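Numbering (my numbering), first residue to last: 14 to 109.
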């Protein structure tokens, strides 16, 4: 195998490896809110905030017609000082 072929093969391998790593990263981000960890907090589950989610959107997914009440429960359970949340933040939310 010539050095040109070896370099071409190495570049191809690096390119494919990079695509696999990027794909795995996007897959992990897309499923962030689907990760639920049950705990000793009776009636609550732990979630990880996904990119673009807000406290209101999370409360809407958790349930019920009274989103404001669920927001209040989340704020209280997590001792939040505001309704601002960010991607990657772990929150306790009422179980469905």
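For each residue, glycine too, the CB sits at the ideal point set by N, CA and C.
Given the structure is predicted, the values throughout are model-derived calculations rather than measurements.
In this structure, DSSP gives residue 98 a state outside helix and strand, which the three-state scheme calls coil. Ranked by Cα distance from residue 98, the options 84, 108, 109 are led by 84. The closest CA to that of residue 108, considering only 90, 95, 102, is found on 90. In this structure residue 101 is in contact with residue 62, their Cβ atoms being roughly 7 Å apart against a cut-off of 8 Å. For residue 93, no alpha helix (DSSP H) run applies, since DSSP gives it neither H nor E.
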